[in-house]
Amino acid sequence: DSGVTQTPKHLITATGQRVTLRCSPRSGDLSVYWYQQSLDQGLQFLIHYYNGEERAKGNILERFSAQQFPDLHSELNLSSLELGDSALYFCASSVDLELNTEAFFGQGTRLTVV
Amino acid sequence: GENVEQHPSTLSVQEGDSAVIKCTYSDSASNYFPWYKQELGKRPQLIIDIRSNVGEKKDQRIAVTLNKTAKHFSLHITETQPEDSAVYFCAASTREYGNKLVFGAGTILRVKS
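Chains A and B, in that order, give the protein sequences.
Going by the numbering used here, the first sequence opens with residue 52, and the numbers climb by one from there.
Going by the numbering used here, the second sequence opens with residue 11, and the numbers climb by one from there.
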């Protein structure tokens with residue numbers, strides 16, 4: 052157990068819908084990263100939050116948004132879902148901003164868009 | 011932005027042989043290079059990491075080497091075992107356009123017994 056909790060584990064929804072994925076980082080970790088992993092693909096960086104502030108953006112679609120709350124949990128919102136959004140979404144947390152320490156991954160949320 | 015290239019995409023070795031996976035990165039300011047192992051359906055887990063002030067690091071059967079001049083780093087697994095079969099990802103930290111960890115595309119390692 053990495054200490055990073057993601058909910059839900061599985062999500063099946065229809066095209067055009069909106070979903071929210073939740074991530075609770077390890078106790079004491081201020082950084083949260085979101086990654087998308089499509090079938091047979093690598094880990095595509097989406098966004099990084101540190102202590103409530105957005106610190107970096109990757110190839111995140113405009114239909115996707117995220118935020119980190121004062122209690123440091125983070126949510127990734129996916130809207131106007133398309134079939135191609137089906138993927139495994141991971142969040143990871145680390146203690147610092149400077150990326151010199153291990154990032155711990157949650158178990159992921161498997162999103163299936165039908 | 012930072013680009014991390016990883017080779018090979020698949021690697022098959024006989025049990026007991028060594029496996030080597032190589033990565034190159036583009037951001038010369040990158041200073042942290044972790045390697046993650048991902049088993050089927052599970053989360054990536056860190057197996058070893060190296061920082062830019064070190065050229066080599068070893069942990070039992072796993073070692074990582076870093077060449078900052080050439081901007082490449084490699085993972086070496088010796089005496090491979092069937093349980094080493096997994097997908098391995100290299101990554102590099104970057105501060106280009108914000109702090110993030112950029113991953114390579116992954117290497118599927120199969121250890122045949």
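By construction, the Cβ of each residue, glycine as well, lies at the ideal position given by its N, Cα and C atoms.
Predicted, not measured: the structure shown is a model, and the values here were computed from it.
Between which two residues does the beta strand (DSSP E) harbouring residue i extend?
{"i": "Val-14 (chain B)", "result": "14-17"}
{"i": "Phe-120 (chain A)", "result": "Premise fails: Phe-120 (chain A) is in no beta strand (DSSP E) and is neither H nor E."}
{"i": "Asn-128 (chain A)", "result": "125-129"}
{"i": "Arg-161 (chain A)", "result": "160-164"}
{"i": "Gln-92 (chain A)", "result": "First-last for Gln-92 (chain A): undefined, no H or E at that position."}
{"i": "Val-146 (chain A)", "result": "Element bounds for Val-146 (chain A): n/a, residue is neither H nor E."}
{"i": "Val-74 (chain B)", "result": "72-77"}
Using only alpha-carbon positions, find the residue among the options that is nearest to residue i.
{"i": "Ala-138 (chain A)", "options": "A:Ser-53, A:Val-55 and A:Lys-60", "result": "A:Lys-60"}
{"i": "Thr-34 (chain B)", "options": "B:Arg-120, B:Cys-100 and B:Lys-122", "result": "B:Cys-100"}
{"i": "Asn-63 (chain B)", "options": "B:Ser-19, B:Phe-43 and B:Leu-56", "result": "B:Phe-43"}
{"i": "Ser-125 (chain A)", "options": "A:Tyr-140, A:Tyr-100 and A:Val-165", "result": "A:Tyr-100"}
{"i": "Gln-95 (chain A)", "options": "A:Asn-151, A:Cys-142 and A:Arg-77", "result": "A:Cys-142"}
{"i": "Ala-65 (chain A)", "options": "A:Thr-152, A:Gln-92 and A:Ser-130", "result": "A:Ser-130"}
By Cβ distance, which residues of its chain are closer than 8 Å to residue i, with the 5 residues on each side in sequence left out?
{"i": "Asn-77 (chain B)", "result": "Gly-65 and Phe-83"}
{"i": "Gly-79 (chain A)", "result": "Val-146"}
Check the Cβ of residue i against every Cβ in chain B and list those closer than 8 Å, keeping chain order.
{"i": "Gln-158 (chain A)", "result": "Lys-52 and Arg-53"}
{"i": "Asn-151 (chain A)", "result": "Asn-41, Tyr-42, Arg-61 and Ser-103"}
Excluding sequence positions up to five away, which residues of its chain have a Cβ less than 7 Å from the Cβ of residue i?
{"i": "Arg-105 (chain B)", "result": "Ala-39"}
{"i": "Asn-102 (chain A)", "result": "Leu-81"}
{"i": "Glu-89 (chain B)", "result": "Gly-26 and Arg-71"}
Once the 5 residues before and after residue i are set aside, which same chain residues still bring their CB inside 6 Å of it?
{"i": "His-17 (chain B)", "result": "Lys-32"}
Quick one: which chain A residues come within Cβ less than 7 Å of residue i?
{"i": "Leu-56 (chain B)", "result": "Glu-153"}
Under the criterion of a Cβ to heavy atom distance below 8 Å, does residue i qualify as lining the ligand COA?
{"i": "Leu-111 (chain B)", "result": "No copy of the ligand COA occurs in the structure displayed, which carries no ligand at all."}
* To do: Below 7 Å between beta carbons is the criterion; list the residues of the segment 95-115 of chain B that meet it against any residue of chain A, in chain order.
  => From the segment 95-115 of chain B, only Phe-99, Ser-103, Tyr-107, Gly-108, Asn-109, Lys-110, Leu-111, Val-112, Phe-113, Gly-114 and Ala-115 have a Cβ closer than 7 Å to chain A.
* **chain B contacts from the segment 97-129 of chain A (Cβ-Cβ distance under 9 Å)** => From the segment 97-129 of chain A, only Ile-98, His-99, Tyr-101, Glu-105, Arg-106, Ala-107, Lys-108 and Gly-109 have a Cβ closer than 9 Å to chain B.
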